[in-house]
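Below: one structure, written as structure tokens.
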Amino acid sequence: MAEELIIPKNTTDALALNRPIVEDTEYTTLNLGPTHPATHGIFQNVLKMDGEKIVSGEQTVGYIHRAFEKIAERRPFYQITTLTDRMNYCSSPINNMGWHMTVEKLLGVTVPKRAQYIRVIMMELARIADHLICNSILGVDTGAYSGFLYLFQEREKIYEIYEEMCGARLTTNMGRIGGMERDLSPTALKKIKQAVYHDLPKALAEFEKLFNRNRIFIDRVVNVGPIMAERALEYGFTGPNLRAAGVDYDVRVMEPYSSYEDFDFDIPVGHNGDTYDRFMVRNQEMWESIKIIKQAIENLPEGPYYANEDHYYLPPKQAVYSNMEALIYHFKIVMGEIDAPVGEVYHAVEGGNGELGFYLVSDGGRAPYRLHFRRPCFIYYQAYPEMCKGVAISDAIAIMSSLNVIAGELDA
Amino acid sequence: MLSNQQIAEDILAHFGENVKNFEEPYELLTFTTNRQNIINLLVYLHKHETFRFRFLTDICGIHLPDNAGEEFGVIYHLHSLENNKRVRIKVFLSADDIHIPTATTLYATANWLERETYDFYGIIFDGHPNLKRILNIEEMDYFPMRKEYPLEDATRNDKIDALFGR
């Protein structure tokens with residue numbers, strides 16, 4: 001995409017970038033973070049600076065490491081959902097559903113079509129919320145605050161839908177092993193329709209009008225922090241950041257889960273893998289998500305919203321008070337007394353930032369023997385020093401912002 | 001479409017006794033090799049003209065204290081984006097000698113993943129450019145994901161497992 005734009009060649013910025021590094025230069029060490037408003041999270045970058053130009057950098061991560069993998073080895077499966085919320089907290093429902101699907105794969109449970117469609121709707125709303133934050137914050141970091149303010153109103157509406165679905169806003173704990181905890185309520189459906197048919201397209205169109213062809217924005221982001229497709233693959237990039245480099249890898253298409261094969265949508269890809277391409281890919285993905293949600297609402301199947309899985313899905317409260325069997329199951333599930341089958345599963349979903357994988361080893365006990373989260377942020381953040389080598393500090397901020405590094409996901 | 005059978009046969013033909021325990025849990029080809037052959041195997045799969053396993057999805061460790069002589073495991077997940085096929089490779093190491101060659105020469109991704117594995121299990125990746133702790137503090141003198149460190153405080157007596165039938 002960026003190739004079609006006029007790239008500033010002889011601006012002072014471009015000339016400054018090409019100035020060679022002199023050996024006897026005195027370097028400055030600059031700590032960017034751990035708590036800096038521009039890092040959007042708790043992680044540190046120790047940068048070696050030559051004037052305003054970055055010579056090299058080293059990241060320190062782990063400031064909010066909460067030992068989720070260790071905690072998970074002690075918890076029954078349904079209690080691990082709340083840990084996944086706190087990884088990429090900008091799109092918690094995707095993490096939740098990814099975990100439910102991993103356990104369902106281990107148990108061999110087939111979830112009814114209706115539940116799968118509701119999951120798709122919630123996951124795509126989460127993706128929109130995630131991308132909204134990333135793109136509007138990129139605007140803030142390049143000096144445009146208004147886009148952020150416009151879009152956060154829309155994000156608020158998505159959070160109201162979460163609230164309607166599960167009662168929570170940020171750490172959602174949405175869905176259950178075997179389905180959803182409740183059906184799509186008429187209010188929720190109304191709010192979703194209002195969002196995808198009216199509010200979101202309007203806000204996105206306005207946002208794109210403000211940014212896509214904005215001269216100042218283009219000067220700040222085009223050709224900033226580009227990464228080649230080959231290098232991106234070596235670094236294990238996935239999601240929008242990889243697609244911006246031109247590789248059309250999307251887990252939703254490659255290994256469809258939760259009925260993604262039923263929907264018709266495109267995978268947007270970029271050319272150069274620079275900040276502008278990442279921005280544009282995310283923007284386009286939001287439109288694709290809106291398309292998917294519309295299809296899901298229009299073809300929402302009737303039927304149950306949970307699988308008939310007594311050992312994992314809580315029985316209705318009425319039945320618990322009146323039916324002995326239901327009471328037993330309720331007790332066993334809540335106390336985590338149910339043993340899972342032996343096996344090992346790898347399940348991947350397309351998270352807001354890329355391939356979010358769950359590697360689960362079960363030894364037949366109540367809790368996982370080993371659970372490993374493949375966190376896309378943790379993997380691609382390694383490339384950051386290479387990407388910001390030789391750029392000005394203000395560009396490094398834009399690069400970090402467009403990579404969408406979420407501290408919760410980085411540190412698990 | 002490439003099948004697990006084809007991949008397994010090809011690898012068996014090249015590596016013979018050095019690869020074993022072929023399984024297909026949930027349709028994902030899984031097998032075990034040893035640390036002398038792991039890098040050769042990764043290179044072979046990377047360079048293979050039809051398989052093209054060029055994307056390293058994940059590296060993680062596992063601790064199996066009851067598995068005498070093979071207490072530690074390193075698990076690699078590879079992905080062939082062209083064929084849309086995944087494989088899982090396991091290497092088991094003895095607790096007395098937990099060294100394994102690094103995969104950073106082949107994949108830039110492996111850097112932090114190996115550091116993370118070292119951080120939690122103490123598995124030493126020989127040849128790694130910067131093998132130090134990543135998520136935990138550097139002063140830490142133990143490897144927290146090992147099974148000898150149970151999660152709950154052992155001195156607490158208000159949670160008796162027997163009362164819950166555990």
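From first to last, the protein sequence lines are chains V and B. In this text, residue positions in the first sequence follow the UniProt record's numbering: the first is 1, and each later residue adds one. In this text, residue positions in the second sequence follow the UniProt record's numbering: the first is 1, and each later residue adds one. Just so it is clear, CB atoms sit at the ideal spot from N, CA and C, and this is done for glycine as well. All values reported here derive from a predicted model rather than from experimental measurement.
Beta-carbon proximity of residue i to residue j, cut-off 8 Å
| i | j | result |
| --- | --- | --- |
| Arg114 (chain V) | Gly336 (chain V) | no |
| Arg115 (chain B) | Ile98 (chain B) | no |
| Ile7 (chain B) | Val19 (chain B) | no |
| Ile218 (chain V) | Tyr150 (chain V) | no |
| Leu78 (chain B) | Leu45 (chain B) | yes |
| Val46 (chain V) | Thr29 (chain V) | yes |
| Tyr381 (chain V) | Leu403 (chain V) | yes |
| Met49 (chain V) | Ile227 (chain V) | no |
| Met174 (chain V) | Met122 (chain V) | yes |
| Val269 (chain V) | Val281 (chain V) | yes |
| Thr171 (chain V) | Thr82 (chain V) | yes |
| Ser401 (chain V) | Asp85 (chain V) | no |
| Ile71 (chain V) | Leu151 (chain B) | yes |
| Val224 (chain V) | Ala398 (chain V) | yes |
| Lys105 (chain V) | Val349 (chain V) | no |
| Val61 (chain V) | Phe43 (chain V) | yes |
| Val320 (chain V) | His330 (chain V) | yes |
| Gly139 (chain V) | Phe211 (chain V) | yes |
Boundaries (first-last residue) of the alpha helix (DSSP H) holding residue i
| i | result |
| --- | --- |
| Asn40 (chain B) | Ile38 to Lys47 |
| Ser94 (chain B) | Element bounds for Ser94 (chain B): n/a, residue is neither H nor E. |
| Lys190 (chain V) | Pro186 to Lys193 |
| Asp277 (chain V) | Thr275 to Glu298 |
| Arg155 (chain V) | Ser146 to Cys166 |
| His330 (chain V) | Met324 to Met335 |
| residue 413 (chain V) | This structure leaves residue 413 (chain V) out entirely; chain V is present only between 1 and 412. |
| residue 414 (chain V) | In the structure as shown, chain V begins at 1 and stops at 412. Residue 414 (chain V) is therefore absent and cannot be evaluated. |
| Cys134 (chain V) | Lys113 to Asp141 |
| Glu69 (chain V) | Phe68 to Ala72 |
Within chain B, the residues that residue i reaches when beta carbons sit closer than 8 Å
| i | result |
| --- | --- |
| Leu233 (chain V) | Arg54, Phe55 and Leu81 |
| Val61 (chain V) | Ile134 and Leu135 |
| Lys105 (chain V) | Tyr26 |
| Asp411 (chain V) | Leu135 |
Near the ligand SAM: residue i beta-carbon under 7 Å from a heavy atom
| i | result |
| --- | --- |
| His128 (chain B) | With respect to the ligand SAM, the structure shown offers nothing to examine, as it has no ligands at all. |
Neighbour list for residue i in chain V, Cβ cutoff strictly below 7 Å
| i | result |
| --- | --- |
| Asp141 (chain B) | Chain V residues near Asp141 (chain B): none, gap ~16 Å exceeds 7 Å. |
| Met145 (chain B) | Glu69 and Lys70 |
Within chain B, the residues that residue i reaches when beta carbons sit closer than 7 Å
| i | result |
| --- | --- |
| Met254 (chain V) | Asn84 |
| Tyr249 (chain V) | Leu81 |
| residue 429 (chain V) | This structure cannot speak to residue 429 (chain V), because chain V is shown only from 1 to 412. |
Residue i: first and last residue of the uninterrupted beta strand (DSSP E) it sits in
| i | result |
| --- | --- |
| Gln44 (chain V) | Gln44 to Asp50 |
| Gly225 (chain V) | Premise fails: Gly225 (chain V) is in no beta strand (DSSP E) and is neither H nor E. |
| Ala13 (chain B) | It is not in any beta strand (DSSP E) - Ala13 (chain B) instead sits in the alpha helix (DSSP H) that spans Asn4 to Phe15. |
| Ile124 (chain B) | Ile124 to Asp126 |
| Glu344 (chain V) | Val342 to Glu350 |
CB contact check: residue i to chain C, cutoff 8 Å
| i | result |
| --- | --- |
| His77 (chain B) | Absent here is chain C; the protein component of the structure consists of chains V and B. |
Where residue i meets chain B, residues with beta-carbon distance less than 9 Å
| i | result |
| --- | --- |
| Gly408 (chain V) | By Cβ distance, chain B contributes nothing, its closest Cβ being about 13 Å from Gly408 (chain V), past 9 Å. |
Within chain V, the residues that residue i reaches when beta carbons sit closer than 8 Å
| i | result |
| --- | --- |
| Thr109 (chain B) | Glu234, Tyr235, Gly236, Ile379 and Gln382 |
| Leu151 (chain B) | Lys70, Ile71, Glu73 and Arg74 |
| Asp126 (chain B) | Those within 8 Å of Asp126 (chain B) in chain V number zero; the least Cβ separation is about 20 Å. |
| Asp10 (chain B) | Those within 8 Å of Asp10 (chain B) in chain V number zero; the least Cβ separation is about 22 Å. |
9 Å Cβ cut-off: residues of chain V touching residue i
| i | result |
| --- | --- |
| Asp66 (chain B) | Those within 9 Å of Asp66 (chain B) in chain V number zero; the least Cβ separation is about 10 Å. |
| Ile62 (chain B) | Val361, Tyr369, Arg370 and His372 |
- Message: Counting only Cβ-Cβ distances shorter than 9 Å, please list the residues of the stretch 338–360 of chain V near chain B, keeping chain order.
- Response: Within the stretch 338–360 of chain V, the qualifying residues are Gly343, Glu344, Val345, Tyr346, His347, Ala348, Glu355, Gly357 and Tyr359.
- With a cut-off of 8 Å, do at least 3 Cβ pairs link the stretch 83–94 of chain B to the stretch 68–75 of chain B? These segments touch.
- Going along the chain, which residues of the stretch 141–167 of chain V sit with their C-beta nearer than 7 Å to a C-beta in chain B? Nothing from the stretch 141–167 of chain V brings a Cβ to less than 7 Å from some Cβ of chain B.
- Interface residues of the stretch 64–78 of chain V facing chain B [CB-CB below 8 Å]: Within the stretch 64–78 of chain V, the qualifying residues are His65, Ala67, Glu69, Lys70, Ile71, Glu73 and Arg74.
- Assess, as a yes-or-no matter, whether the stretch 50–57 of chain B is touched by the stretch 115–124 of chain B under the definition of 3 or more beta carbon pairs within less than 8 Å. The stretch 115–124 of chain B is not in contact with the stretch 50–57 of chain B.
- Interface positions of the stretch 367–393 of chain V facing chain B (Cβ-Cβ less than 7 Å), listed along the chain: For the stretch 367–393 of chain V, the set of residues with a beta-carbon nearer than 7 Å to any beta-carbon of chain B comprises Arg370, His372, Arg374, Phe378, Ile379 and Gln382, in chain order.
- Query: Counting Cβ pairs, one atom from each stretch, are 3 or more of them under 8 Å apart for the stretch 100–115 of chain V and the stretch 304–319 of chain V?
  - Reply: The stretch 100–115 of chain V makes contact with the stretch 304–319 of chain V, as at least three CB pairs between them are under 8 Å.
- Message: Tell me which residues of the stretch 14–33 of chain B have at least one Cβ-Cβ distance to chain V shorter than 7 Å, keeping chain order.
- Response: Within the stretch 14–33 of chain B, Pro25, Tyr26 and Leu28 place their CB atoms closer than 7 Å to a CB of chain V, listed in sequence order.
- Task: Can you give me, in chain order, the residues of the stretch 26–56 of chain V that have a beta carbon less than 7 Å from any beta carbon in chain B?
- Result: Residues passing the 7 Å Cβ filter: none.
- Task: May I ask you to list, following chain order, the residues of the stretch 97–124 of chain B that have a beta carbon less than 8 Å from some beta carbon of chain V?
- Result: Within the stretch 97–124 of chain B, the qualifying residues are Tyr107, Ala108, Thr109, Asn111, Trp112, Leu113, Glu116 and Phe120.
- So, do the stretch 187–204 of chain V and the stretch 360–369 of chain V have three or more beta carbon pairs nearer to each other than 8 Å? No: fewer than three Cβ pairs fall under 8 Å.
- Query: Can at least three beta-carbon pairs, one atom from the stretch 98–109 of chain B and one from the stretch 20–40 of chain B, be found at a separation below 8 Å?
  - Reply: Taking 8 Å as the limit for Cβ pairs, the verdict is that the stretch 20–40 of chain B does touch the stretch 98–109 of chain B.
- Query: Are the stretch 349–362 of chain V and the stretch 178–188 of chain V touching by the rule of at least three beta carbon pairs closer than 8 Å?
  - Reply: In the pairwise beta carbon analysis, the stretch 349–362 of chain V is classified as not touching the stretch 178–188 of chain V: fewer than three pairs are separated by under 8 Å.
- Could you tell me whether the stretch 191–207 of chain V touches the stretch 290–298 of chain V, using the rule of 3 or more Cβ pairs below 8 Å? Result yes; three or more Cβ-Cβ pairs closer than 8 Å.
- Residues from the stretch 34–50 of chain B in contact with chain V, defined by Cβ distance under 7 Å: Taking 7 Å as the Cβ-Cβ cut-off against chain V, none of the residues of the stretch 34–50 of chain B qualify.
- Message: Taking 8 Å as the cut-off, does the stretch 125–132 of chain V touch the stretch 282–289 of chain V (at least 3 CB pairs, one atom from each stretch)?
- Response: Taking 8 Å as the limit for Cβ pairs, the verdict is that the stretch 125–132 of chain V does touch the stretch 282–289 of chain V.
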